[in-house]
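Just so we're aligned, residue 46 is where the sequence shown starts under this note's numbering, counting upward by one. All residues carry an ideal CB built from backbone N, CA and C; glycine is no exception.
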Amino acid sequence: MQSLSTEKEKPQSKDASGLSLSPLSLRQCIVPQFQISGDLDPHQINVVRRTWKQQLRRNKDDEFEMATRLLLRIFRIEPRLQSLFYLTDVPYAELRKNPIFNEHVKMMEPTLSFVMTHLHDATTMSKHLQLLGGRHVRHTKVTYKSVYWKIVIQAMMEFVGADHALADIHDAWIVLGGFCVEQMRIGYKIEYKLQQVVSKLDEKHRKSIDIGIRRQSTAANAGKQTPIC
């Protein structure tokens, strides 16, 4: 499993023009340059913000604890998802003490906190959510069509009690959960395709080097041959 806390870009590949191409540079090329309209109206933004702050106060304003509880809720709803996070043999009661689990929480917490303080700016939220979605490609075995994405929405609802709340609270969190998952899946697909492109470029580059080495070897051997008199 690749380290979650210290992500390093792979060595750069080069395309036919000689330009260097890394996952980071390719990612930067496809960042959307247009505004994204969020589905939350002003009233729903206030509802989400209020219910989130209530939960935050109950957890002593500890945002890491909030992310921890959310991920625990995901695994409580569907225990089989633990295997997708390399936590197959870890008992649920021991997850908090597991370093891999805590690395996943560290990956999630900044985005979760950012979203809750930028509910009014869907475009900025989307960029952070897409990056988080991309990290699922690199650090988990979650697939694009996994049930995990639906469970995320359910966990968000249950975590703040929106699943049994008044209609306006329920609807607001459904909208937010759907938006978050949609943007994360977009980021997942982008990262997945980028990795495919980089892998093909790396393979093409390796083949080019191999051909060059063989040609040099052939030329060197030809130069060593004794002329026939």
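Outcome for residue i when other beta-carbon atoms lying within 10 angstroms are tallied against a minimum of 16
i, result
"Thr-133", "exposed"
"Leu-338", "This structure cannot settle anything about residue 338, because the visible part of the chain is limited to 46 through 274."
"Glu-207", "Residue identity differs from the one stated: residue 207 is Ala in this sequence, not Glu. Flag for Ala-207 reads buried."
"Leu-64", "The predicted position of Leu-64 is uncertain, since its pLDDT is 40 and thus under 50; a value taken from the coordinates is nonetheless stated next. Answer is exposed; the Cβ neighbour count stays below 16."
"His-209", "exposed"
"Tyr-193", "buried"
"Gln-127", "buried"
Spatially closest choice to residue i from the options, by CA coordinates
i, options, result
"Met-202", "Asp-216, Tyr-189, Lys-190", "Asp-216"
"Arg-141", "Glu-123, His-165, Leu-115, Pro-87", "Leu-115"
"Thr-162", "Ile-214, Ile-90, Gln-240", "Ile-90"
"Leu-177", "Arg-121, Leu-157, Val-192, Thr-168", "Leu-157"
"Met-153", "His-184, Thr-168, Ala-138, Arg-125", "His-184"
"Ser-191", "Arg-230, Gln-240, Val-220, Leu-117", "Arg-230"
"Glu-123", "Glu-248, Asn-147, Lys-195, Leu-239", "Lys-195"
"Gln-87", "Leu-221, Gln-240, Phe-120", "Note that residue 87 is Pro in the sequence shown here, rather than Gln. It is Leu-221."
Cα-Cα separation, residue i to residue j
i, j, result
"Phe-130", "Gly-179", "14 Å"
"Thr-51", "Leu-211", "For Thr-51, the predicted structure reports a pLDDT of 44, less than 50, and the residue's modelled location is therefore unreliable. A value from the coordinates is still provided. So the two alpha carbons sit approximately 42 Å from each other."
"Glu-110", "Asn-104", "7 Å"
"Pro-144", "Gly-223", "29 Å"
"Phe-79", "Gln-175", "Unreliable positioning characterises Phe-79 in this predicted model, as indicated by a pLDDT of 46, which lies under 50. A coordinate reading is not provided."
"Asp-107", "Ile-235", "32 Å"
"Leu-164", "Arg-94", "8 Å"
"Leu-66", "Phe-146", "Residue confidence is low: Leu-66 scores 47 on pLDDT, short of 50, so the model does not pin down where it sits. Its coordinate-derived value is still stated next. For Leu-66 and Phe-146, the distance between alpha carbons rounds to 32 Å."
"Gly-232", "Glu-139", "30 Å"
Contact belief for residue i with residue j at Cβ below 8 Å, rounded distance in angstroms
i, j, result
"Gln-228", "Ser-171", "5 Å"
"Tyr-189", "Tyr-137", "Their Cβ separation, rounded to whole angstroms, is 26 Å, which puts Tyr-189 and Tyr-137 out of contact at 8 Å."
Cβ pair residue i, residue j closer than 8 Å
i, j, result
"Ala-112", "Val-150", "yes"
"Asp-213", "Val-92", "yes"
"His-181", "Phe-159", "no"
"Val-197", "Val-226", "yes"
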